[in-house]
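One structure is given below, encoded as structure tokens.
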Amino acid sequence: MTDKTSPMPRPDAPRVTSPNVALGMLLLVYIFNFVDRQILAILAGPIQADLGLSDTQMGLLGGIAFALLYSTLAVPLGWIADRTSRSWVITISLGIWSGFTALCGFAQGFWTIFLARLGVGIGEAGGVAPSYALISDYFPSEKRARALSIYSLGIPLGSATGVVAGGYIAASVDWRLAFLTVGLAGVLLVPVFKYFVRDPVKPPVIDEAAPPQPSFMEVLKILSAKRAFWFLALGAASSSMLGYGIAFWLPSLLQRSFGLNLIETSLFFGSILLIGGVAGVMGGGMLGDWLGGKNKAAYGLVPAIAFLLAVPLFAAGIMSGSATLAFILFLIPQGLAYIWLGPVLSAVQHLVTAETRATASALFLLINNLVGIGGGIFFLGALSDALTPVYGEEGLRYSMLISLIFYLFAAGFMALAARYLQKEWVAEG
309 MTDKTSPMPR PDAPRVTSPN VALGMLLLVY IFNFVDRQIL AILAGPIQAD LGLSDTQMGL
369 LGGIAFALLY STLAVPLGWI ADRTSRSWVI TISLGIWSGF TALCGFAQGF WTIFLARLGV
429 GIGEAGGVAP SYALISDYFP SEKRARALSI YSLGIPLGSA TGVVAGGYIA ASVDWRLAFL
489 TVGLAGVLLV PVFKYFVRDP VKPPVIDEAA PPQPSFMEVL KILSAKRAFW FLALGAASSS
549 MLGYGIAFWL PSLLQRSFGL NLIETSLFFG SILLIGGVAG VMGGGMLGDW LGGKNKAAYG
609 LVPAIAFLLA VPLFAAGIMS GSATLAFILF LIPQGLAYIW LGPVLSAVQH LVTAETRATA
669 SALFLLINNL VGIGGGIFFL GALSDALTPV YGEEGLRYSM LISLIFYLFA AGFMALAARY
729 LQKEWVAEG
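Add 308 to a position in the sequence shown, counting from 1, and you land on the number used in my numbering.
The structure is reproduced here in structure tokens:
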């Protein structure tokens, strides 16, 4: 009997990709996704010193320059992936964003690096939503939150790698070589990924009268009636306002307010991302599958509780006067901040049918990333500049402290989503 979790072979794809191999390769690509995304944060200091950029300009580079096209193009690319090949869309996207990451190393001013970051966003727009859908194709419902959590390990692993590698390369040579190194490494991964990862073949349609695949507007109409979808998306966007803001600006805070150098900062932040992030992502996935199997509301309640617990711990770490104490205080809330990924991403996949998952994921990411990445990093940077006349170098510290309110918003939206998940859940595996 054929294993339902294994893709069926087809004439033009004689190699059968196992679910675990596909997941491993998708994780590797996602690691590169976040290396290329997060490396800008650790290099902010050297870039600002070399190109003479303000916190507001760095906020634009880390936020809207990346998020504008990353968020908006994810929707049409997700729609294309649903109708063509999800693995090919990911492959081409990997090549594009890696090439533009390398081009960041040739920037001569704000606008040249801004345009290069736009290019990174264009490429990464086609990476995540098709990956969510591809994982959902390979893994059954009862294993999906854990599989998506393993994939989401790319966030802490990639962020930590970008921070540590970028910091060491910049300290040893310069920030330009850091961009060139990680960009070219991603380009080399392109053919390897496509060789190993293929789309599972859908079983042949026997009923010729079966309805055609829904159009984009039909998918949008379906989702518009799903209150759980919108509350999950708004909750994720609120959390990302702070999550991406902290991820981008914490290295600068460590250098300005705690007196760490570039190497010390990269090790401090990289360790927090790695230890706290991995524990949070995997813990969220296991809790989602375990509690969600009993009550679908858990997919929203688990993240809501995690965000509430994270706020006071982050506040204590931000206001700490000791780097050692701050490290201890940041570890736990960093893990809590990642718990939402497995449960929420799995829930979004279950609010639509299998053939529209990439489109639904892209719409979710549009809301999450346009608000979260585009707004959060810029907001913290602009608020830091506004507070600097009053607090001097401590302006960034108070900017981060004020921004903790976004986790409270996230907790509220997730709790609201929990009320509707059971009713709006699509049972199809």
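Beta carbons are placed, not taken as given, at the ideal position from N, Cα and C, and that holds for glycine.
Provide the residue span of the alpha helix (DSSP H) that contains residue i, from first to last.
i, result
"ALA694", "665 to 699"
"VAL428", "418 to 432"
"TYR446", "436 to 446"
"ARG452", "449 to 460"
"ALA614", "606 to 627"
"THR325", "Where THR325 is concerned, there is no enclosing alpha helix (DSSP H), given that its DSSP letter is neither H nor E."
"TRP387", "372 to 391"
"LYS602", "Where LYS602 is concerned, there is no enclosing alpha helix (DSSP H), given that its DSSP letter is neither H nor E."
"VAL498", "483 to 504"
"ASP358", "352 to 359"
"GLY413", "No alpha helix (DSSP H) contains GLY413, which DSSP labels as neither H nor E."
"TYR552", "535 to 564"
"VAL527", "524 to 532"
"VAL660", "Neither: VAL660 is in no alpha helix (DSSP H) and is coded neither H nor E."
"LEU712", "Segment: none, LEU712 is in no alpha helix (DSSP H) and carries neither H nor E."
"LEU639", "631 to 646"
"GLU732", "729 to 732"
CB residue i to CB residue j, shorter than 8 angstroms?
i, j, result
"VAL495", "GLY403", "yes"
"LEU729", "ALA612", "no"
"LEU348", "GLY367", "no"
"ALA533", "GLY608", "no"
"TYR740", "ASN677", "Since the first and last residues shown for the chain are 309 and 737, residue 740 lies out of range."
"ALA479", "LEU570", "yes"
"LEU659", "PHE537", "yes"
"SER457", "GLY584", "no"
"TYR440", "SER669", "yes"
"VAL337", "LEU550", "no"
"ASP358", "GLU450", "no"
"GLU701", "SER565", "yes"
"PHE622", "PRO641", "yes"
"ALA486", "LEU568", "no"
"LEU333", "PHE556", "Leu is not the amino acid found at residue 333; the sequence shown has Met there. Their beta carbons are not under 8 angstroms apart, which means MET333 does not touch PHE556 by this criterion."
"ARG506", "THR664", "no"
Rounded C-beta distance between residue i and residue j? I'm assuming under 8 angstroms.
i, j, result
"ASP390", "THR667", "5 angstroms"
"TYR715", "PHE615", "4 angstroms"
"ARG452", "SER444", "6 angstroms"
"GLY684", "SER548", "6 angstroms"
"GLY625", "ALA634", "5 angstroms"
"VAL397", "LEU381", "Actually they are not in contact, since the Cβ atoms of VAL397 and LEU381 sit about 11 angstroms apart, beyond 8 angstroms."
"ALA375", "GLY682", "3 angstroms"
"SER401", "GLY431", "5 angstroms"
"PHE447", "GLY427", "The Cβ separation is near 32 angstroms, so there is no contact."
"PHE721", "SER546", "6 angstroms"
For residue i and chain D, any beta-carbon pair shorter than 8 angstroms?
i, result
"PHE687", "Among the chains of the structure shown, chain D does not appear; only one protein chain is present."
Should residue i be counted as a contact of the ligand ATP given a C-beta to heavy atom distance under 7 angstroms?
i, result
"GLY625", "For the structure depicted, the ligand ATP is absent and the ligand set is empty, with no information on it obtainable."
Next on the checklist: So, does the segment 400 to 418 touch the segment 682 to 700, judging by three or more C-beta pairs under 8 angstroms?
Outcome noted: The segment 400 to 418, when compared against the segment 682 to 700, does not touch it at the 8 angstroms Cβ threshold.
Item to check | Stretch pair the segment 465 to 485 + the segment 574 to 591: three plus CB contacts closer than 8 angstroms | outcome: Under the 8 angstroms Cβ criterion, the segment 465 to 485 counts as touching the segment 574 to 591, having at least three qualifying pairs.
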